[in-house]
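The structure appears right after this line, and notes come after that.
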Amino acid sequence: MSEMLLQVRGVETYYGNIIALRGVDLDVQQGEIVTLIGANGAGKTTLMMTICGTPRAREGQIIFDGEDITQLPTHDIMHRSIAQSPEGRRIFPRMTVLENLQMGAILNEEETFGEDLELVYGLFPVLAERSEQRGGTLSGGEQQMLAIARALMGRPKLLLLDEPSLGLAPKIVKQIFSVIKDLNASRGLTVFLVEQNAYHALKLADRGYVMVNGRITMTGTGSELLHKEEVRAAYLEGAV
Amino acid sequence: MSAASAKSGLDFPAALKDAGLAALIALALSIAMLFFRTVDFQGNLILEKRWTLAGTTVLIVFAGRLALNLFWFPRRGGLGLFKIASSALPARFAELGKWMAPVLIVFAVVLPFLPASNRYIMDLAILVLTYVMLGWGLNIVVGLAGLLDLGYVAFYAVGAYSYALIATTFDWSFWVCLPLAGMFAALWGIILGFPVLRLRGDYLAIVTLAFGEIIRIVLLNWYTLTNGPDGITRIPRPSFFGLEFKRFGDGTFANYFNIEYSSMHRIVFLYYVILVLALITSALTIRLRRLPIGRAWEAMREDEIACRSLGINITNTKLTAFSIGAMFGGFAGSFFATRQGFISPESFTFIESAIILAIVVLGGMGSQIGVAIAAIVMIGGLELLRDLDALKQLFGDNFDPALYRMLLFGLAMVGIMVWRPRGLVSSRAPTVVLREHKARSADLVKEGHG
C-alpha cells in the first residue's frame with residue numbers, strides 16, 4: 002500500500018544567489034496527508050513551487066510517481082496528475098465560477114467534465130449556487146473553495162495546497178479541512194499541505210514536517226509533532 | 333422628465349424624447365437669435381437666412397442633451413432640467429450590444445445601395461472597416477490575452493509590404509498573396525513574441541513600441557528592397573474572380589456582366605472585401621474564445637501564475653496570441669496596400685498603433701461590438717471633425733477649424749475615459765453557461781450546506 006508518490010531528495014533552490022532551500026528531503030506516500038509547517042520565510046512555499054518547477058531546483062532530485070520531474074518545465078509537471086491550489090488563491094476574478102472550474106479541467110478530456118463538476122459542486126455546494134457569478138465577487142472563503150475545486154477538476158493524484166486557511170474565519174477553515182479529510186478518506190487522494198495554521202494542519206495530517214530556514218528540522222506523525230515541546234513553543238503558542 | 337421615468341430607470345427612448353424636446357426648444361430660440369440676421373445690402377436692410385448655423389446648433393443641442401441624459405444625469409441622481417435617472421447604465425449598454433450587432437451588420441451590408449452613399453461615404457466606410465478589423469485583431473492580443481502591444485502597426489506594415497512586394501515582383505493575384513501576407517505577419521508576431529515572453533505590462537509595452545519603430549525604420553532604410561521613403565507604387569488591384577475593374581479591354585467586370593463601367597464598382601467591391609475580412613476576424617475571435625486556446629488567453633490575462641499551476645503552457649499561449657493577432661493585422665495591411673495602390677513607411681507611424689490601441693481600449697477590452705463602435709466613432713468622428721466650417725460662423729472667419737480637430741478628439745477621449753473608464757462595452761460575456769445544474773444546486777443550498 003505505502004507506495005511512494007513524491008520524493009524530494011536533497012533539493013536546493015536559489016533566488017539569484019540567495020539560497021532558499023538548503024537540501025530538503027521529504028516523502029509523500031500514496032494516500033497520505035502530509036503537512037509542512039514553519040514560520041514565515043522558512044521556505045515552505047518555495048518548496049511547493051520547486052516541486053512545480055518554478056523556480057527550478059539547482060541541486061537534488063524530485064521524483065513523482067517513479068519519474069524524475071526535476072528538470073521538466075512547469076506545464077509538463079502539471080500534466081502529470083499534480084494539481085496545485087496556489088498561495089493567495091489566485092482564482093480568475095473576471096471569469097465566472099464555472100469558467101474557473103473549466104480552466105482547471107483544461108487538460109482533460111471533455112467527457113469527464115460533467116462528472117468532475119458534479120463532484121466538486123457536491124463538495125462545495127456554495128459554488129454550485131454561485132456558478133454564474135464572477136470569481137472576483139466571491140468571499141474569501143468561497144474563493145479558497147473555488148481554488149481547491151479548480152485544482153480538483155484536473156483529476157490529480159497529488160493535491161498541493163498552499164495555505165488554504167490564509168485569511169479565513171476559523172469556521173470556514175474547519176469546513177475546508179473537513180473536505181480535505183473527506184477527499185482523502187473516500188477517494189484516497191494524496192494531499193501535501195503547506196500551512197501556517199500548525200494546530201489544524203497537524204491534527205489533519207498523517208505525517209508532518211517542520212521547516213526552519215530552508216531546512217527540515219523535525220518530522221513525525223501529526224500527533225507526535227503536535228505534542229512535541231519545541232513545536233508547541235514555536236508554532237502552537239496559545240493555540241491549544 | 334417625469335417621476336415615472338425616473339422610477340423605472342432610464343430607457344433609451346425616454347432619453348431620446350428628452351433630447352428631442354431640448355432640440356425643439358433650441359430650434360425655437362435659434363430662429364430668432366441665429367437663423368435670421370439683418371444685413372446691410374446696398375443700403376437696404378435684408379434678412380439673411382443662416383441654415384447651417386441654426387441647424388448645427390440644434391444638432392449640437394440634441395447630441396449634447398442625449399449624451400448628458402445617457403452619461404451624466406444618471407450619475408447625478410437626475411439633476412437635469414428634464415429629470416431622468418438611472419443606475420443601470422452598464423446593463424443597458426450590454427442590452428444595446430445585443431441588437432446593435434445585427435443592426436450594424438445589416439446596415440454595413442446594404443450601405444453601398446443606400447441612395448445617400450457616394451464615393452466619399454464609401455471611401456470613409458472602407459477606412460472605418462479597416463480600423464474595425466485592426467481593432468478586432470489587436471483585441472485578441474490586448475483584450476483577450478492581456479498583452480499590451482504598442483507596436484501593432486508593425487504587423488500592418490509587414491502585411492502591406494509583403495503583399496506589395498510579392499504582387500509587384502511575381503505578379504501574383506491578391507487572393508494568393510493575402511494568405512501569404514497573413515503568414516508573414518504571423519511569423520513576425522512569433523519573432524516579436526520570443527524576446528518578450530518574460531515581459532509583462534509596461535515593460536512589454538515599451539518593447540513592442542520599439543519593435544513597431546524598428547520595422548518602420550527598416551522599411552525606410554532598406555532601399556534596395558522597399559524603395560525606402562519613395563514607397564512602392566503600382567500595386568495591383570484585386571480582381572473579382574479574375575475579372576478586372578478596368579474601363580477598357582476584354583474580361584473586365586463591367587464587360588462580363590454587360591453593365592456600364594463605373595469607378596464605383598471597384599470601390600464597392602473593395603468595401604465588401606474588407607467587410608468580409610473584418611467579419612471573418614470577428615467570427616474567428618468569437619469561436620476561439622470558446623476553445624481551450626481562447627480560454628487560456630483570457631485566463632492568462634487574469635493571472636499568469638495560476639495559469640501555469642493549471643498546466644497551461646504560457647509560452648505557446650503567448651506566441652499564439654501574438655501570431656494570430658499579427659496575422660489579422662497582416663490581412664488588413666495587404667488590403668490597405670491593394671486599396672491604396674501605393675504604400676510608404678509614412679503610413680505606418682506610431683500614431684497608427686496608438687489609434688488602434690485607443691479603439692480597443694475605448695471599445696472595452698475584449699468586446700467585439702464595443703471595438704466596432706469605437707472604430708466608427710474614432711475614425712468617422714475624426715473625419716466629421718474635418719468639416720467644422722460651421723464653427724466659422726460662430727467664431728468669425730479667422731477661426732481655423734482644422735486646428736481644433738485633434739483638440740476636440742482628445743477631449744472626447746478624456747470624456748469617455750472619465751465616464752466609462754473600462755470602455756464603452758465593459759461587461760464580459762461568459763463563454764460557458766450551464767443550465768442543467770442550476771436546479772440541483774439550488775436544492776443542495778437549501779439543505780444548508782452552503
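Line order of the protein sequences matches chains A and B. If you count the first sequence from 1, position 227 lands on 228 in the working numbering, and the numbers rise without skipping. If you count the second sequence from 1, position 143 lands on 475 in the working numbering, and the numbers rise without skipping. Beta carbons are placed, not taken as given, at the ideal position from N, Cα and C, and that holds for glycine.
Assuming residue 439 of chain B and residue 564 of chain B make a contact with CB atoms under 8 Å, what is their CB distance in whole Å? That belief does not hold up - the Cβ atoms of residue 439 of chain B and residue 564 of chain B are roughly 34 Å apart, past 8 Å.
Report the neighbours of residue 105 of chain A on chain B: residues whose CB is nearer than 9 Å to its CB, in chain order. 642
Residue 763 of chain B CB to nearest chain A CB: under 8 Å? yes
Could you work out which residue in A:120, A:168 and A:236 is closest to residue 140 of chain A when comparing CA atoms only? A:168
Can you list, in chain order, the residues of the region 607 to 639 of chain B whose Cβ is nearer than 9 Å to any Cβ on chain A? 624, 627, 628, 630, 631, 633, 634, 635, 637, 638 and 639
Backbone secondary structure at residue 13 of chain A - three-state DSSP: strand
Could you have a look at residue 432 of chain B and say whether DSSP puts it in helix, strand or coil? helix
List the residues of chain A whose Cβ lies closer than 9 Å to the Cβ of residue 645 of chain B, in chain order. 74, 75, 76 and 77
Contact set for residue 53 of chain A: own chain, Cβ-Cβ below 8 Å, skip 5 residues either direction: 75, 78, 79, 83, 85 and 161
Measuring only the C-alpha atoms, how far is residue 551 of chain B from residue 21 of chain A? 49 Å
So what does residue 376 of chain B bridge to, in DSSP terms? B:373
Excluding the 5 residues preceding and the 5 following residue 60 of chain A in the sequence, name in chain order all residues of the same chain whose CB lies nearer than 8 Å to its CB. 11, 12, 13 and 24
List, in order along the chain, the chain B residues whose C-beta lies closer than 8 Å to that of residue 91 of chain A? 635, 637, 638 and 641
Can you have a look at residue 585 of chain B and say buried or exposed, based on whether 16 or more other CB atoms are within 10 angstroms of its CB? buried
Residues of chain A with CB under 7 Å from residue 760 of chain B, in chain order? 95
DSSP beta-bridge partners of residue 572 of chain B: B:575
Counting only beta-carbon separations shorter than 8 Å, does residue 231 of chain A have a partner in chain B? no
In whole angstroms, give me the CA-to-CA distance for residue 242 of chain A and residue 710 of chain B. Here chain A has residues from 2 to 241 only, and residue 242 of chain A is not among them.
Collapsed DSSP secondary structure at residue 603 of chain B in the structure displayed: helix
Please check if any C-beta of chain B sits within less than 8 Å of the C-beta of residue 58 of chain A. no
Cβ atoms of residue 468 of chain B and residue 610 of chain B: under 8 Å apart, would you say? yes
Presumed contact (8 Å Cβ cut-off) between residue 679 of chain B and residue 562 of chain B, rounded CB distance: Their Cβ separation, rounded to whole angstroms, is 13 Å, which puts residue 679 of chain B and residue 562 of chain B out of contact at 8 Å.
Tell me whether the beta-carbon of residue 633 of chain B lies closer than 8 Å to the beta-carbon of residue 761 of chain B. no
Supposed contact pair residue 490 of chain B and residue 657 of chain B - C-beta distance, whole angstroms, cut 8 Å: About 12 Å; that fails the 8 Å criterion.
Check each candidate in B:626, B:699 and B:403 and name the one with the smallest Cα separation from residue 433 of chain B. B:699
Three-state secondary structure (DSSP) of residue 191 of chain A: strand
Quick one: Cα of residue 549 of chain B to Cα of residue 681 of chain B, how far? 10 Å
Where the alpha helix (DSSP H) through residue 672 of chain B begins and ends: 646 to 672
Check the DSSP bridge columns for residue 210 of chain A and list the partner residues they point to. A:37 and A:220
Between the beta-carbon of residue 223 of chain A and the beta-carbon of residue 209 of chain A, is there less than 8 Å? yes
Mind checking if residue 168 of chain A is an interface residue toward chain B, Cβ cutoff 8 Å exclusive? no
Taking residue 184 of chain A as the reference, which of A:33, A:67, A:63 and A:132 has the closest Cα? A:33
Which residues does DSSP pair with residue 135 of chain A in a beta bridge? A:97
So what's residue 368 of chain B in DSSP terms, helix, strand or just coil? strand
Would you decide whether residue 377 of chain B is buried or exposed? Buried here means 16 or more other CB atoms lie within 10 Å of its CB. exposed
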